[in-house]
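Working notes for the structure below.
Number of protein chains: 2
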Amino acid sequence: MVRKKVPQPTDRELTILRILWDLGPSTVRQVNEAMNKDRATGYTTTLKLMQIMTEKRLLVRDESQWKHIYKPAMSEERTQKQLVGDLLERAFSGSAEKLVMRALSTRKVSAKELARIRKMLDEFEGK
Amino acid sequence: MVRKKVPQPTDRELTILRILWDLGPSTVRQVNEAMNKDRATGYTTTLKLMQIMTEKRLLVRDESQWKHIYKPAMSEERTQKQLVGDLLERAFSGSAEKLVMRALSTRKVSAKELARIRKMLDEFEGK
DNA sequence: GCAAAAAAACGAAAGAATTCGTATTTTTTG
DNA sequence: CAAAAAATACGAATTCTTTCGTTTTTTTGC
Chain V
1 MVRKKVPQPT DRELTILRIL WDLGPSTVRQ VNEAMNKDRA TGYTTTLKLM QIMTEKRLLV
61 RDESQWKHIY KPAMSEERTQ KQLVGDLLER AFSGSAEKLV MRALSTRKVS AKELARIRKM
121 LDEFEGK
Chain E
128 MVRKKVPQPT DRELTILRIL WDLGPSTVRQ VNEAMNKDRA TGYTTTLKLM QIMTEKRLLV
188 RDESQWKHIY KPAMSEERTQ KQLVGDLLER AFSGSAEKLV MRALSTRKVS AKELARIRKM
248 LDEFEGK
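Each protein sequence line maps, in turn, to chains V and E.
For the first sequence, position 69 (counting from the first letter as 1) is numbered 69 according to my numbering, and the numbering increases by one without interruption.
Plus 127 on top of the position in the second sequence (first one is 1) and you've got my numbering.
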């Protein structure tokens with residue numbers, strides 16, 4: 001069984017994935033409207049992007065209706081892991097510690113979140 | 128005073144930054160040799176990339192010698208923060224917690240590293 | 001000093017990513 | 001049902017990234 005590996009999403013493609021993760025399965029129009037909140041984008045531009053993403057297996061499309069319904073082919077989790085793993089290699093020489101440090105110093109993180117991160121650490125260590 | 132903002136480094140550009148952070152200020156030849164450990168790359172290819180990066184203000188170059196010496200224009204830290212911040216927005220809707228979780232579950236992290244991360248959390252919280 | 005080597009400059013080709021105009025198909029609505 | 005609207009398909013222009021061949025400049029070794 002040959003399963004060609006899915007390419008990393010490009011910049012605009014990631015925007016679309018983000019939207020679909022948030023909205024759930026959607027039409028091109030819905031995605032396009034969300035895109036426009038971020039940056040003016042013609043309808044056919046969004047359409048074309050989504051068609052290409054479908055070819056690349058980043059999205060799957062339900063054609064049973066006339067208005068096609070698109071959704072991400074991979075889970076948010078898997079994609080995020082891929083992206084983080086990639087950045088980890090390329091910018092941090094694989095040091096997760098460094099990356100975590102940068103992530104925490106970039107954004108304010110609430111006490112609640114810090115607590116959850118601690119809990120996570122416990123689990124990693126416990127195992 | 129107009130300071131045009133530096134663009135995000137592209138893929139190959141990041142490879143070069145990574146090399147320069149590791150080696151310190153270097154000539155094109157040195158960088159090119161390091162590039163070739165990763166992937167066959169012609170000398171002039173590396174040269175051109177570095178020239179473009181200099182135009183874009185990603186690198187600065189010392190031309191006082193005939194062999195120009197290049198170094199990153201920004202610190203490793205600042206660039207990493209930028210990259211993480213960008214990924215945070217684009218793929219994680221700004222949730223540092225989620226990103227940290229993904230980072231930790233992607234790679235094995237040693238007990239020692241986990242301990243250091245804990246310490247870091249303490250500092251963030253203490254403040 | 002001169003030929004060979006090393007470095008830089010330049011231009012342009014090849015490849016991707018992004019954008020959008022136009023044409024075609026299907027549905028909606030008056 | 002006919003016209004308008006909505007959606008998809010298609011192709012192509014544009015822009016950005018990556019690569020490298022050729023030319024020019026400078027240094028080095030004999």
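For each residue, glycine too, the CB sits at the ideal point set by N, CA and C.
When DSSP labels each residue in this structure, what does residue i get in the three-state scheme?
i       : result
L14(V)  : helix
R234(E) : coil
M1(V)   : coil
G221(E) : coil
Using the Cβ count rule (16 or more neighbours within 10 Å means buried), how would you classify residue i?
i       : result
E97(V)  : buried
V31(V)  : buried
A161(E) : buried
V2(V)   : exposed
With C-beta atoms as the reference, is residue i less than 8 Å away from residue j?
i       : j       : result
V84(V)  : R229(E) : yes
L150(E) : A91(V)  : no
T79(V)  : L20(V)  : no
P136(E) : I196(E) : no
F124(V) : L241(E) : yes
L49(V)  : R245(E) : no
K81(V)  : S220(E) : no
Quick check on this structure: which residue in the options has the alpha carbon closest to the alpha carbon of residue i?
i       : options                            : result
K194(E) : G221(E), L226(E), A242(E), L174(E) : L174(E)
L58(V)  : G126(V), R116(V), K5(V)            : K5(V)
L214(E) : P72(V), R107(V), I52(V)            : R107(V)
V155(E) : Q192(E), M128(E), R130(E)          : Q192(E)
E182(E) : L231(E), K164(E), P134(E), R245(E) : P134(E)
M180(E) : R245(E), E252(E), R139(E), E216(E) : R139(E)
Q178(E) : R166(E), P199(E), K164(E)          : P199(E)
R116(V) : K239(E), S222(E), R243(E), A238(E) : S222(E)
D165(E) : E63(V), E89(V), M74(V), G126(V)    : E89(V)
A238(E) : G126(V), R61(V), T41(V)            : G126(V)
> Of all the beta strand (DSSP E) runs that stay within the bounds of the segment 5 to 78 of chain V, which reach a length of 3 or more residues?
Replying inline: 59 to 62, 69 to 72
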